[in-house]
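> Got a structure here, written out as structure tokens. Questions coming.
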Amino acid sequence: MKRIRLTMSQALVKFLDNQYIECDGVETKFVSGMFGIFGHGCVVGVGQALEQGGHNLKFYQGKNEQNMALAAVAYAKQMDRKAIIPCVSSIGPGATNMVTACGCATANRIPLLVLPGDTFACRQPDPVLQQAEFFDNYGRTVTDAFKGVCHYFDRIIRPEQLMTACLNAMRVLTDPADTGAVCLAMPQDVEGEAYDYPEHFLQKRVWHLDRRPISSSQLERATKLIKEAKKPIIVCGGGVRYSGAENELLEFAEKYNIPIAETQAGKGIIDWKNPLNVGGIGVTGGKAANVIGRDADLVIGVGTRFSDFTTSSKWLFNENRKVLGINVCPFDAYKMDAEAIVADAKEAVKALISSCEGYKSEYTNEIKEAKDEWDKIVDEYYSTELEGGLNQTLALGIINEFMDDDAIALGSAGSLPGDMQRLFRPKDRGTYHMEYGYSNMGYEVNGALGAKLAKPESEVYTFCGDGSFIMGHSELYTALQEGLKINVCLFDNMGWGCIENLQNNQGTDTFGTVFRARNPVTGMLDGDEIDIDFAKIAEGYGAKAYTIHTSQELREALTDAKKQTKSCLFDIKVLPKTMTPGFESWWRVGVAEVSKSETVAKAYEDMQAHIKDLTTKIER
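Taking my numbering, the leading residue of the sequence shown gets 38, the next gets one more, and so forth.
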């Protein structure tokens with residue numbers, strides 16, 4: 038057996054460079070590059086391996102470890118999980134900065150490979166710079182923090198362990214049912230240790246994405262449920278996108294007259310204009326989907342994990358409904374006490390198209406009436422001007438109308454995801470990119486870089502609040518460094534407007550959720566507003582920036598930005614509390630059981646009433 042003597046880091050780089058994924062006969066390079074911020078815990082290991090060349094991995098210089106890893110999450114998501122960009126960091130804070138991004142990847146079922154440096158395996162120089170010592174367990178290091186947010190964790194304490202570690206990592210990263218974040222912790226001395234690696238380990242390796250078929254018994258049970266249903270509804274999740282099942286799903290829905298509702302991850306897969314697409318469902322859903330969903334007797338979840346936002350904390354659907362869960366992941370297929378169909382979405386729906394022959398739902402005009410009413414509501418939100426300033430929904434509508442068909446709309450946290458799931462009208466497949474499994478503030482600007490790396494030919498518009506922008510936007514610099522244009526639509530309402538609304542709706546006065554100076558009189562954060570010029574911040578980086586107060590200024594800025602070749606930021610000053618309300622939905626959040634406030638007490642009573650209603654539904 039031929040062997041090649043390499044350091045562990047050199048072998049790692051060579052291995053990653055030779056990984057491919059195959060699906061439906063199409064072969065794709067799985068690892069296209071590497072994000073990194075070099076420190077003493079990785080620069081002379083992985084850094085040296087990357088620097089010496091002999092590979093096809095493009096190195097991207099991150100500016101903050103969390104933010105570069107969020108960019109990697111967005112890249113993998115935009116690539117439909119068919120390609121990744123691993124992230125390398127030093128030990129200590131460089132490593133732990135990536136923990137949040139790993140939680141984001143795992144929650145959203147997105148592959149992310151992180152390669153944090155670690156303390157010396159030999160322990161001789163201990164305690165080294167940035168090492169946290171644990172008195173009760175000397176074998177513990179800060180990289181153990183990744184165990185709580187990763188689907189696979191390994192610490193490579195001998196160079197030969199790299200082989201089993203890498204194969205297990207790839208097993209998880211390419212698994213459609215069990216993917217998420219993967220961490221390979223790398224002690225800095227081991228990074229530079231050499232080993233005679235077998236040549237076959239370093240050669241081209243193709244990971245096959247074989248579709249899991251639906252079994253005959255599963256098909257029989259699913260068909261029976263559907264044929265017994267009078268008014269079913271399809272809940273289209275992200276699994277439809279990753280499976281490429283949109284054509285089959287639409288054929289199935291049209292053949293049997295079944296409405297389609299969208300989750301955040303499933304939005305944009307089916308054309309919003311399609312008569313059967315009733316839009317977003319759940320807490321951030323619209324009236325059409327929620328009304329139709331409330332009355333449905335069968336909920337057909339396809340590729341969805343049935344989060345609390347999708348089900349309105351399990352309150353949305355009526356007590357007599359049944360659930361059919363079609364998901365390649367057993368964990369998700371069995372949710373909501375569903376009849377579980379553990380299979381690939383494309384394969385399962387394709388089989389159902391034939392097996393349900395002769396069936397027709399009993400919907401008459403309900404779908405059309407609900408959709409027509411909702412479309413009028415959206416049109417009104419998208420066109421209504423308010424006195425005193427620019428409202429959030431109008432600004433969103435102007436941008437939505439302005440965007441090219443292939444332009445990508447990206448978001449994550451705050452009030453904007455709700456407005457976008459309800460109102461936004463994607464113009465093509467893969468152009469709606471929402472991270473809402475983790476709702477990670479700070480994802481938006483950094484994620485835009487990842488989406489742009491995935492689709493450099495498309496304009497990327499990221500929608501973020503002022504709070505998210507302040508929290509994390511370092512990879513705007515990287516976008517400029519790489520000559521990649523992203524468009525940052527910053528909605529400045531001087532605070533965390535979404536959480537202020539939640540706070541107020543649960544009976545509490547505004548506290549700690551708006552951006553104001555410390556009041557020397559009251560000692561509270563209720564002083565003057567702090568007016569931040571975000572345009573100047575962007576200009577300081579070298580981006581093109583616009584300050585916007587009116588709808589006309591927004592239209593002019595969007596027009597001018599199309600002529601620009603570098604990143605642009607739109608500092609949109611919007612009126613607070615001009616986002617959309619909830620429609621026929623409820624979200625369970627914690628409320629104080631005991632309070633001096635009558636409004637808080639009333640909010641607690643209302644919550645208990647909803648819980649009682651939910652309990653009744655479950656018992657029945």
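Cβ coordinates follow ideal geometry from the N, Cα and C atoms, glycine included.
Determine the DSSP secondary structure at Cys139, reduced to helix, strand or coil.
helix
> Label Arg462 either buried or exposed according to how many other C-beta atoms from any shown protein chain fall within 10 Å of its C-beta, with 16 as the threshold for buried.
buried
> Taking the continuous alpha helix (DSSP H) assigned at Thr201, which residues delimit it?
199–210
> Can you look up Gln167 in the DSSP assignment and give me helix, strand or coil?
coil
> Considering only C-alpha positions, which residue in the set Ile122, Lys405, Met457 is nearest to Gln429?
Met457
> Between the Cα of Thr615 and the Cα atoms of Glu228, Asp155, Gly425, Ile337, which residue gives the shortest distance?
Measuring C-alpha to C-alpha distances from Thr615 to each of Glu228, Asp155, Gly425, Ile337 identifies Gly425 as the nearest.
> Out of Tyr57, Phe506, Asn477, Tyr641, state which residue places its alpha-carbon closest to the alpha-carbon of Ala138.
Taking Ala138 as reference, the option from Tyr57, Phe506, Asn477, Tyr641 with the minimal CA-CA separation is Asn477.
> I want to know whether the stretch 169–180 touches the stretch 239–256 - three or more CB-CB distances under 8 angstroms.
no
> Using a threshold of 7 angstroms, state whether the C-beta atoms of Ile318 and Ala407 are closer than that.
No, the pair does not count as a contact, with Cβ atoms beyond the cut-off.
> Under DSSP, the beta strand (DSSP E) around Ile270 begins and ends at which residues?
269–273
> On the DSSP bridge list, what partners appear for His77?
Its beta-bridge partners do not exist; DSSP assigns none.
> If Tyr475 sits next to Ala144, beta carbons under 8 angstroms apart, how far is it from one beta carbon to the other, in whole angstroms?
Taking the Cβ atoms as the reference, Tyr475 lies roughly 4 angstroms from Ala144, within the contact range of under 8 angstroms.
> Between which two residues does the alpha helix (DSSP H) carrying Tyr293 extend?
283–293
> Closest by CA to Lys659, which one among Lys610, Tyr578, Glu590?
Given that the chain is displayed from residue 38 to residue 657, the structure contains no residue 659 and the question cannot be resolved.
> Excluding the 5 residues flanking Trp309 on each side, which residues of the same chain have their C-beta closer than 8 angstroms to its C-beta?
Gly316, Arg462, Pro463
> CB-CB under 7 angstroms to Leu262, same chain, minus the five flanking residues each way: which ones, in chain order?
Leu335, Lys359, Leu361, Glu376
> Out of Tyr97, Asn284, His237, Lys600, which has the shortest C-alpha to C-alpha gap to Ile41?
Checked all of Tyr97, Asn284, His237, Lys600; the closest Cα to Ile41 is His237.
> Could you round the C-beta distance between Leu150 and Ile121 to whole angstroms and report it? I think they count as a contact, below 8 angstroms.
Right, the Cβ-Cβ distance comes to about 6 angstroms (below 8 angstroms), so this counts as a contact.
> Using three-state DSSP, classify Gly411 as helix, strand or coil.
Per the sequence shown, residue 411 should be read as Trp rather than Gly. Helix.
> Under DSSP, the beta strand (DSSP E) around Ala231 begins and ends at which residues?
Note, Ala231: beta strand (DSSP E), 231–235.
> Can you pull the DSSP bridge partners for Pro213?
According to DSSP, Pro213 shares a beta bridge with no other residue.
> In the DSSP output, which residue or residues are listed as bridge partners for Arg553?
Glu566
> Of all the options Lys599, Ile295, Asp503, which has the alpha carbon lying nearest to the alpha carbon of Met531?
Asp503
> Once DSSP output is grouped into helix, strand and coil, what is the label at Arg657?
In this prediction, Arg657 has a pLDDT of 47, which is less than 50 and means its spatial position is unreliable; what the coordinates show is noted afterwards. If DSSP states are grouped into helix, strand and coil, Arg657 belongs with coil.
> Enumerated in chain order, which unbroken segments of the beta strand (DSSP E) with a length of 3 residues or greater are wholly contained in the stretch 363–428?
376–379
> Would you call the stretch 68–75 in contact with the stretch 85–101, where contact means no fewer than 3 C-beta pairs closer than 8 angstroms?
yes
> So which of Phe548, Ile569, Phe571 has the shortest CA-CA distance to Gly560?
Of Phe548, Ile569, Phe571, the residue nearest in Cα terms is Phe548.
> If we call anything under 7 angstroms between Cβ atoms a contact, is Trp533 one with Thr550?
yes
> Does the pairing of the stretch 579–594 with the stretch 400–418 give three or more beta-carbon distances under 8 angstroms?
The stretch 579–594, when compared against the stretch 400–418, does not touch it at the 8 angstroms Cβ threshold.
> So the candidates are Met38, Lys119, Cys501, Glu283; which of them puts its Cα closest to the Cα of Glu64?
When each option's Cα is compared against that of Glu64, the closest is Lys119.
> Using the rule of at least 16 other Cβ atoms within 10 Å of the residue's Cβ for burial, across every protein chain shown, is Glu265 buried or exposed?
The residue is exposed, with fewer than 16 neighbouring Cβ atoms inside 10 Å.
> Rounded to whole angstroms, what is the Cα-Cα separation between Trp624 and Phe506?
26 angstroms
> May I have a chain-ordered list of the beta strand (DSSP E) segments no shorter than 3 residues that lie completely inside the stretch 586–639?
605–610
> May I ask you to report which of helix, strand or coil DSSP gives Val360?
strand
> Okay, do the stretch 221–237 and the stretch 150–159 touch, 3+ Cβ pairs below 8 angstroms being the bar?
yes
> Would the beta-carbon of Ser452 fall within 7 angstroms of that of Cys526?
no
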